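Okay, structure first, notes after.
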Amino acid sequence: MAEKIGVYVCHCGSNIADAVDVESVAEFAATLPGVIVSRHDRFMCAQPGQELIETDLREQGLTRVVVAACTPQLHELTFRRACSRAGLNPYLLEMANIREQCSWVTLDRTAATEKAKALVAGAVRRVTYQQPLEPHHVPIHPRTLVVGGGIAGIQAALELADAGYPVTLVEREPSIGGHMAQLDKTFPTLDCSACILTPKMMAVGQHPNIQLLSYSEVESVSGYVGNFVVKIRSKARYVVAEKCTGCEICQQKCPVWVEDRVFGAGLGFRKAIYSPFAQAVPRTPVIDRENCVYFQRGKCKACEIFCPTGAIAWEQEDEFLDIEVGNIILATGYRLFDPRRIPQYGYGRLENVFTSLEFERLCSAAGPTGGRIVLRDGMTQPQRVAIVHCVGSRDRNYNAYCSDVCCMYSLKFAHLVHERLPEAEVYNFYIDIRSSRKGYEEFYHRLLDEGTHFIRGKVARISDVAETPEEEGCLIVEAEDTLIGRQRRVPVDMVVLSCGLEPQADAREMARRFGISCGQNGFFIERHPKLDPIATTTDGVFIAGACQGPQDIQSAVAQGAAAAARVAGLISRGEVELEPVLATVDEAACNGCAECLSVCPYSAIELLEDRDKAHVIAALCKGCGVCVAACLPKAISFSHYSDAQLVAQVKGLLNV
Amino acid sequence: MTYAFFPGCSLAHTASAYADSIRLVAERLGLDLREIDDWNCCGATAYFASDLLAAHALVARNLALVDGDLDQVVSPCSLCYVNLRRTQQLLDAGETLGNQVQDALAAGGLGYRPGRLSVRHLLDVVVNDTGLDRIVSEVVRPLYGLRVAPYYGCLTVRPGTGFDDPEQPASLDQLLQSLGAEVVDFSLKADCCGGHMSVVSAEVAYSLLRRLLQNATEQGADLIVTACPMCQLNLDAYQHRVNRHFGTDFRMPVIFFTQAIGLALGLSAEALGIGKEIVPASPVLEERWSGEAPAPERAGRARHRRRGTRLPTPGAEGVSDG
Chain A
1 MAEKIGVYVC HCGSNIADAV DVESVAEFAA TLPGVIVSRH DRFMCAQPGQ
51 ELIETDLREQ GLTRVVVAAC TPQLHELTFR RACSRAGLNP YLLEMANIRE
101 QCSWVTLDRT AATEKAKALV AGAVRRVTYQ QPLEPHHVPI HPRTLVVGGG
151 IAGIQAALEL ADAGYPVTLV EREPSIGGHM AQLDKTFPTL DCSACILTPK
201 MMAVGQHPNI QLLSYSEVES VSGYVGNFVV KIRSKARYVV AEKCTGCEIC
251 QQKCPVWVED RVFGAGLGFR KAIYSPFAQA VPRTPVIDRE NCVYFQRGKC
301 KACEIFCPTG AIAWEQEDEF LDIEVGNIIL ATGYRLFDPR RIPQYGYGRL
351 ENVFTSLEFE RLCSAAGPTG GRIVLRDGMT QPQRVAIVHC VGSRDRNYNA
401 YCSDVCCMYS LKFAHLVHER LPEAEVYNFY IDIRSSRKGY EEFYHRLLDE
451 GTHFIRGKVA RISDVAETPE EEGCLIVEAE DTLIGRQRRV PVDMVVLSCG
501 LEPQADAREM ARRFGISCGQ NGFFIERHPK LDPIATTTDG VFIAGACQGP
551 QDIQSAVAQG AAAAARVAGL ISRGEVELEP VLATVDEAAC NGCAECLSVC
601 PYSAIELLED RDKAHVIAAL CKGCGVCVAA CLPKAISFSH YSDAQLVAQV
651 KGLLNV
Chain B
1 MTYAFFPGCS LAHTASAYAD SIRLVAERLG LDLREIDDWN CCGATAYFAS
51 DLLAAHALVA RNLALVDGDL DQVVSPCSLC YVNLRRTQQL LDAGETLGNQ
101 VQDALAAGGL GYRPGRLSVR HLLDVVVNDT GLDRIVSEVV RPLYGLRVAP
151 YYGCLTVRPG TGFDDPEQPA SLDQLLQSLG AEVVDFSLKA DCCGGHMSVV
201 SAEVAYSLLR RLLQNATEQG ADLIVTACPM CQLNLDAYQH RVNRHFGTDF
251 RMPVIFFTQA IGLALGLSAE ALGIGKEIVP ASPVLEERWS GEAPAPERAG
301 RARHRRRGTR LPTPGAEGVS DG
């Protein structure tokens, strides 16, 4: 049967029509074999444009459609739906991209018009060989895995659990809470961070729909959207959660003090058996094997002796759980930039240089000083405090990107110093103040009124080498003040380094484990930076919070909720529809060489052991075609991208 | 290993002690340094500021004169090192100015094949090629008892694509430690000595020199050890003028790192050029250089102990985080 093809050339307003003579392209298309209708329209994607196609399909009995317009990434779905509505299988549509690949990149109108004609000819020749296809449907397991118990992960877990869906929340530390639990106040409202966080933490701990696995890590992931199997290692706490009442007697009796380098940011101490903070969820403490006297020297057992419920279990071992989930939300957060990488800032050498997280703990009422801002000696109140912005951020030597939160937390720090040490002078050394969200700029103005000295200049060095008597015994902050065009040396007692946010040290390994990717800076890559910041290129794997890029609490909460909404939408549908554009193996031709297994970037091919033949797992196949090219016996074919289709398209392009 | 050696003008005159000690130490350590035949001045700072093409051509002539069998040029002078590297990188990049320099070489019957040479600082070669292990194995009289301030100056490690960190270099520290000296925390170790400012604008140089001398003195250094003839000259020859200008009383000997190596290798101080410096090093050497190993520091500071109200200080590595 001869095909009846309709061709529709779009002007895209002036986007295409300015560079391409669309009328002559449409006239040319009408001369191509099989084309019985050829039209052009100002906006094919608009309602009238789509109706044009539908009417022709119904009235002229078209069997194939070609739309010459923008990239199929934007409107292929629009035109496929138009075809469907008029009864044509949507895979019998082909698009010729005469905008991104032609009008926008070709200056000469004649050349652009010729190129558009070639692209249309290729599409017309190809569409003849296209086959009707039907999408696949796979069921979705209702449980969701959330990795990371910071604020983004907490929010995602609560949204889903409140909607009635089961959630497994995995956190690597003994308690959920993440970085937000370490903070004293939040900008710009100066809410007590713990006070607004702990109710959410409690809700997670008590929620009937949430399985909380703290002190646990994801070991491996297999499966695909709707049907993942996740192996989780639950590390031995040496404390039986069901028996422990969280009375803390074990922590009081334990004789070993350990510097708390995680929750305490290195500024406080904890015991060898510990729960990181008073409001920890769960309350069950863990024994830090490395520092426990019993584990190291074979005697002590103070915790066991005093535990009123007999909850200590020395023989406990790591446990492994296999959990089936339909979707995964990664909310693994960030790591603070290590300022030792900028040796001229003296961190680690000059004792009164602090990191921002150290300063948060210093300000916290639950911190080592009970919220008193003091020098490293634990007693002296500083009279002059310098806050250095952009440490490790906006600096091509370290990270070129802006860490988003540092300006605002630096302003918050300045406020806290003014509040607690009214006599103290505060100097903020900044490049630009970035305060672009609701209430942020107002907060900056508040600090200007409070008398903070704002010095616009990147700090060159923090020195302990005095040049004048006034500088003796001080830390001297050296910077170029770019507003007055002079070098300045500002003697202070305390320096706070506003360190930037970096990806977690194991972000790349995590990305590999979950089949997603990291960008140049190491943060997880979203499917689309503008229009799909929550999804990844792997179906069923979503990202939320600072693992996607530096962001503040409100954004992390918004992303956590957004990821949960996306997942809830998928679960409520009960199944996912998968593009039928995928590889299939002709078993008769397959020789079982397994070359396709090694090249498939999505691990979508398995070897059927009973008959030594490759098999494509439809739900995992992304239709990239790598296996098709790699298959020597040509046993793998590719629906919607068959050899016949591609050869026809090339012939059309080359007019041969 | 054999290197082409570019001594630079200073070594023939103000830094003859550097030249003497390099010769002796290189011999002992098996470093084959072959002086480039008929080399000329690198142009120092002035020429590059006034005429780029001529300045590069002047340096390029030295690169073109390097023996065809050798692929590395070593300079003991930090300024020569920077200039040689700058021209080498220009020629290797092969852009307009580099091509003009090539034309200038060709006019003199010379040529340089881009990519043929790498330019090294002597400190880099000694620490990274000869290696600390080799040097330690030759040490006969460790520098025990001496407290030294390692001084790199501003050019040895800048611009920061060289062999050590541009802000907090460590190679000279490690070298001196392995010789047995106690290295003080000299935070200005990569700051400027004033360079030619001592001639052009003396007061600027004096205040820069004073900072260095003050910091080294406050840190308890017995002497400053440097890897640059300009730095040594400024700190040594202008020290009395600094004292006169500021009413200070610095008496800080400044020696070259090759002299320090030579002393530890048991070479004669006189042959190493000790005594040619203006602020004499010999009183300090006689008084402080004990030859006795210091008592080892008590190992394994208990990091778990709480000390009153004191807050813990950050560890050597790994930022504390959640």
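So the sequence lines, in the order shown, correspond to chains A and B. Counted from 1, the first sequence has number 146 at position 146 by the working numbering; the numbering is strictly sequential. Counted from 1, the second sequence has number 31 at position 31 by the working numbering; the numbering is strictly sequential. Using N, Cα and C, we set each Cβ at its ideal position, and we do this for glycine too. Quick caveat: nothing in here was measured; it's all calculated off a predicted structure.
Evaluate residue i with the Cβ neighbour count: other Cβ atoms within 10 Å of its Cβ, from every protein chain shown; 16 or more gives buried, anything less gives exposed.
i        : result
A/Met44  : buried
A/Ile98  : buried
B/Ala302 : Per-residue confidence for B/Ala302 stands at a pLDDT of 45, beneath the threshold of 50, marking its modelled position as unreliable; no derived number is given.
B/Cys42  : buried
A/Val229 : exposed
B/Trp39  : buried
B/Met1   : exposed
B/Met230 : buried
A/Phe320 : exposed
A/Gly370 : exposed
A/Trp314 : exposed
B/Arg85  : buried
A/Glu609 : exposed
A/Asn327 : buried
A/Ser403 : buried
A/Ser14  : exposed
I need the straight-line Cα distance from residue i to residue j, nearest angstrom please.
i        : j        : result
A/Cys254 : B/Gly308 : 18 Å
A/Ile196 : B/Leu188 : 46 Å
A/Glu587 : A/Ala635 : 7 Å
A/Val170 : A/Leu654 : 56 Å
A/Ile154 : A/His179 : 12 Å
A/Phe187 : A/Ser193 : 9 Å
B/Gly275 : B/Val184 : 24 Å
A/Cys627 : A/Gln131 : 21 Å
A/Ala2   : A/Gly34  : 7 Å
A/Asp377 : A/Val353 : 12 Å
A/Tyr224 : A/Phe524 : 19 Å
B/Leu122 : B/Ala260 : 14 Å
A/Gly625 : A/Ala365 : 58 Å
A/Tyr8   : A/Leu578 : 28 Å
Under 8 Å between the Cβ atoms of residue i and residue j?
i        : j        : result
A/Lys185 : A/Leu416 : yes
A/Phe306 : A/Cys250 : yes
A/Pro339 : A/Leu497 : yes
A/Val281 : A/Ile151 : no
B/Leu27  : B/Pro7   : Note that residue 27 of chain B is Glu in the sequence shown here, rather than Leu. No.
B/Ala227 : B/Thr156 : yes
A/Arg361 : A/Ala265 : yes
B/Leu146 : B/Ala170 : no
B/Val139 : B/Leu179 : yes
B/Leu63  : B/Thr45  : no
A/Ser436 : A/Asp318 : no
A/Gly61  : A/Lys4   : yes
A/Gly148 : A/Leu330 : yes
A/Ala583 : A/Val616 : yes
Taking C-beta pairs closer than 7 Å, name the residues in chain A that residue i reaches, listed in chain order.
i        : result
B/Thr313 : Glu351, Arg376
B/Ser187 : Ser463, Asp464, Val465
Applying a beta-carbon distance threshold of less than 8 Å, which residues of chain B neighbour residue i?
i        : result
A/Pro368 : Leu311
Give me the chain B residues within the contact set of residue i, using Cβ-Cβ distance strictly less than 9 Å, ordered along the chain.
i        : result
A/Pro343 : Asp165, Glu167, Gln168
Residue i touches chain A at which residues, Cβ-Cβ below 8 Å?
i        : result
B/Arg335 : Because chain B is modelled from 1 through 322, residue 335 of chain B falls outside the range shown and cannot be assessed.
B/Leu155 : Within chain A, no residue comes near B/Leu155; the closest Cβ sits about 17 Å away, beyond 8 Å.
B/Gly308 : Gly378
B/Asn215 : Val465
Using a C-beta to C-beta distance shorter than 7 Å, which residues of chain B count as neighbours of residue i?
i        : result
A/Tyr347 : Pro314
Quiz item: Does the region 156 to 170 of chain B touch the region 201 to 208 of chain B, meaning 3 or more C-beta pairs lie closer than 8 Å?
Solution: no
| When the Cβ atoms of the region 56 to 69 of chain A are set against those of the region 81 to 96 of chain A, are three or more pairs found closer than 8 Å? | yes
Is it true that the region 254 to 274 of chain B meets the region 12 to 31 of chain B, where meeting means three or more beta-carbon pairs spaced less than 8 Å apart? yes
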